[in-house]
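In the working numbering, the protein residues as written are 14 to 641.
Below is one structure, written out as structure tokens; comments come after it.
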């Protein structure tokens, strides 16, 4: 009697869920909240021990789920959830199953105790109880549980209730994801769902069939026989044959359209017969769907992806590319992004002809100027994918313009890709050298040594007139009255190397005719950087330039080493008076604190004491380097 009185008192004094929520919201500090939760958790534990009624258990589990959502421990209520599921009342089962889905996962041993309750409820006369069981099974099913209850779910796919068929299709989807070998068990039932008129059942059936085709190639072959029927469903959607209840922004049932298009994409992949059956309907989708709002754009995007993945006709491919081009002009960056990503895939796979893609080149290049960094990245990838021997000049000019304004974090990647593309698609050697020279001028401080090495190799294997041309061009750039030039370390290194190797050509007045012929012959490099290369500097001007750089970069060991070597080589290529000036500059570094620089200066200084023949042989031009 005393226990019954105690239970009755607890029943009226226990906090309801609403009261607990109010108490938590009233807490001013985290410590207050923890205190409230700790006190209520203790009360719930006590109630579990003292009050075995389902009414109290329902209230306690509800509060426990709220506590779990706040991030506090609630595992001690797992067994109570199992007890609540065994209750005949729907309200108790609903809270019990919700507790199981939240407090348990597929790896816990206690889950095996749920299997029997699930089996009973899957065969319950109340369709809503069956729905609860299907939801729970789909959410927390382990491999063993999926195997044990797979037959029950398969039977429910043939239920007379559309509500149960819809739920069981989703549950079957989860089961075959968990246990792919069970896929074949559902083929027969799943195919029958294609004749459904109920929106929810048809939507889940298409989703189930799509997953089954992904899991099993044999299923794809089997379902491909039903392509005409699936096409018929899609045509009905386009002609508004379905209820107006599911029309969104003038698009009939866009969710179902998207699901059907995804299924057709799988069925038509490498299947000419299936692809032929869906070509016409895909053309109707892309021409009749309004693309002014995201609803229509979603359907158009899925249709484009389907066209790309199946064996589609050429006219349909052109239509798909044009839609993606239209997406690029959209103000919504999400749509721009997916268009750029898809076009990059198209360009890399050779899905469409080059001319079809090149038609949208201007708007793609405009995307390089977008304020959104993700759009710029995708546009950059696509721009490099579009490069070929016909557009390399024009595209490279745009990419060089982008390099000037690109964020520091992107420059290294852009530099490497420009240089690689120039090497692959170069119209001639001079153009490639000019392009790398331009890269060095724009972003020389970000250029890595491998780019400089490649440039050196290119120059070393070039004919003499081209060597003179690039040496004079670099000299002309280095003498510009621009403070930014001093920031481009890669340019200084490349220029110093060329001046050291080909300094005699730089000051040679007798080679103007040869150089003039080269400039005339290569006059088709329209739009390239306008640099004067017909200057003829004096020996003193050349030495003065190197002296200026070695003074400015006295703390940069690599540049100092390059310039010291250049001065040593120039001493054998210029007049005797210039040799002494070179030696004078080198001598200043024989006491340098850096061991490498000091060693070079001392050795070069000693070399200059040798006779002319010996010194000239030591300082000869390097032979053409391999691998250029």
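Idealized CB from N, CA, C, for every residue including glycine.
Because the structure is a prediction, the values reported are computed rather than measured.
Residue interval of the alpha helix (DSSP H) (run including residue i)
{"i": "residue 408", "result": "405–418"}
{"i": "residue 621", "result": "Run containing residue 621: none; DSSP gives neither H nor E here."}
{"i": "residue 390", "result": "386–398"}
{"i": "residue 644", "result": "A query on residue 644 cannot be resolved here, the shown segment of the chain reaching from 14 to 641 and no further."}
{"i": "residue 402", "result": "Element bounds for residue 402: n/a, residue is neither H nor E."}
{"i": "residue 241", "result": "240–251"}
{"i": "residue 451", "result": "442–456"}
{"i": "residue 350", "result": "346–362"}
{"i": "residue 427", "result": "421–438"}
{"i": "residue 551", "result": "Counting along the chain, residue 551 falls outside any alpha helix (DSSP H), and DSSP gives it neither H nor E."}
{"i": "residue 100", "result": "No alpha helix (DSSP H) holds residue 100; DSSP gives it neither H nor E."}
{"i": "residue 330", "result": "327–341"}
{"i": "residue 570", "result": "570–586"}
{"i": "residue 382", "result": "First-last for residue 382: undefined, no H or E at that position."}
{"i": "residue 625", "result": "625–631"}
{"i": "residue 368", "result": "367–371"}
Rounded separation between residue i and residue j - CA only
{"i": "residue 150", "j": "residue 225", "result": "18 Å"}
{"i": "residue 163", "j": "residue 170", "result": "11 Å"}
{"i": "residue 536", "j": "residue 320", "result": "Here residue 536 scores only 43 on pLDDT, less than 50, and its place in the model is too uncertain to base an answer on."}
{"i": "residue 23", "j": "residue 348", "result": "Because residue 23 sits at a pLDDT of 46, beneath the cut-off of 50, its placement in the model cannot be relied upon, and the point is left open."}
{"i": "residue 189", "j": "residue 158", "result": "12 Å"}
{"i": "residue 527", "j": "residue 432", "result": "The predicted position of residue 527 is uncertain, since its pLDDT is 45 and thus under 50; a value taken from the coordinates is nonetheless stated next. Spanning the two alpha carbons is a distance of roughly 28 Å."}
{"i": "residue 533", "j": "residue 605", "result": "Here the model assigns residue 533 a pLDDT of 45, short of 50, so the residue's position is not dependable, and the following value carries that caveat. Computed Cα separation, rounded: 47 Å."}
{"i": "residue 623", "j": "residue 574", "result": "21 Å"}
{"i": "residue 282", "j": "residue 234", "result": "11 Å"}
{"i": "residue 210", "j": "residue 103", "result": "29 Å"}
{"i": "residue 415", "j": "residue 566", "result": "28 Å"}
{"i": "residue 610", "j": "residue 595", "result": "15 Å"}
{"i": "residue 638", "j": "residue 475", "result": "10 Å"}
{"i": "residue 366", "j": "residue 360", "result": "9 Å"}
{"i": "residue 483", "j": "residue 338", "result": "40 Å"}
{"i": "residue 364", "j": "residue 357", "result": "10 Å"}
{"i": "residue 514", "j": "residue 612", "result": "21 Å"}
{"i": "residue 16", "j": "residue 49", "result": "Caution applies to residue 16, whose pLDDT of 46 falls short of 50 and renders its modelled position unreliable; the model cannot decide the point."}
{"i": "residue 341", "j": "residue 330", "result": "17 Å"}
{"i": "residue 332", "j": "residue 184", "result": "38 Å"}
{"i": "residue 436", "j": "residue 445", "result": "7 Å"}
{"i": "residue 554", "j": "residue 417", "result": "30 Å"}
{"i": "residue 72", "j": "residue 108", "result": "9 Å"}
{"i": "residue 99", "j": "residue 172", "result": "24 Å"}
{"i": "residue 368", "j": "residue 402", "result": "13 Å"}
{"i": "residue 84", "j": "residue 328", "result": "56 Å"}
{"i": "residue 529", "j": "residue 549", "result": "Unreliable placement is indicated for residue 529, whose pLDDT of 48 sits below 50; the coordinate value is still reported in the next sentence. For residue 529 and residue 549, the distance between alpha carbons rounds to 13 Å."}
{"i": "residue 244", "j": "residue 288", "result": "11 Å"}
{"i": "residue 57", "j": "residue 168", "result": "40 Å"}
{"i": "residue 578", "j": "residue 491", "result": "18 Å"}
{"i": "residue 65", "j": "residue 120", "result": "28 Å"}
{"i": "residue 223", "j": "residue 156", "result": "21 Å"}
{"i": "residue 413", "j": "residue 510", "result": "24 Å"}
Bridge-paired residues (DSSP) for residue i
{"i": "residue 265", "result": "260"}
Below-8 Å beta-carbon distance, residue i vs any chain B residue
{"i": "residue 560", "result": "This model lacks chain B altogether, as it is built from one protein chain only."}
Exercise. Counting only runs that start and end within the region 462–504, where is the beta strand (DSSP E) found for 3 or more residues in a row?
Worked result: none
Problem set entry | the region 170–185 touching the region 143–158, judged by at least three CB pairs closer than 8 Å | yes
Exercise. Should the region 570–590 be regarded as contacting the region 510–521, the criterion being three or more beta carbon pairs within less than 8 Å?
Worked result: yes
Exercise. Using 8 Å as the Cβ pair cut-off and three pairs as the minimum, do the region 114–128 and the region 88–100 touch?
Worked result: yes
Exercise. Are at least three pairs of beta-carbons, each pair with one atom in the region 593–601 and one in the region 628–639, less than 8 Å apart?
Worked result: no
Exercise. With a cut-off of 8 Å, do at least 3 Cβ pairs link the region 208–217 to the region 254–273?
Worked result: yes
Exercise. Is it true that the region 275–285 meets the region 236–246, where meeting means three or more beta-carbon pairs spaced less than 8 Å apart?
Worked result: yes
For this session: Tell me, please, whether the region 448–466 touches the region 608–619 by the rule of three or more beta-carbon pairs shorter than 8 Å.
Result: no
Problem set entry | Contiguous alpha helix (DSSP H) assignments of at least 4 residues, all confined to the region 118–166 | 127–135 and 140–153
For this session: Jot down the residue ranges of each uninterrupted alpha helix (DSSP H) in the region 31–88, minimum 4 residues, whole runs only, in chain order.
Result: 43–63 and 67–82
Problem set entry | Within the region 292–325, ranges of the alpha helix (DSSP H) (whole runs, at least 4 residues) | 307–322
Problem set entry | Every unbroken alpha helix (DSSP H) within the region 158–244, with a cutoff of 4 residues, ordered by chain | 175–191, 200–205, 212–228 and 230–236
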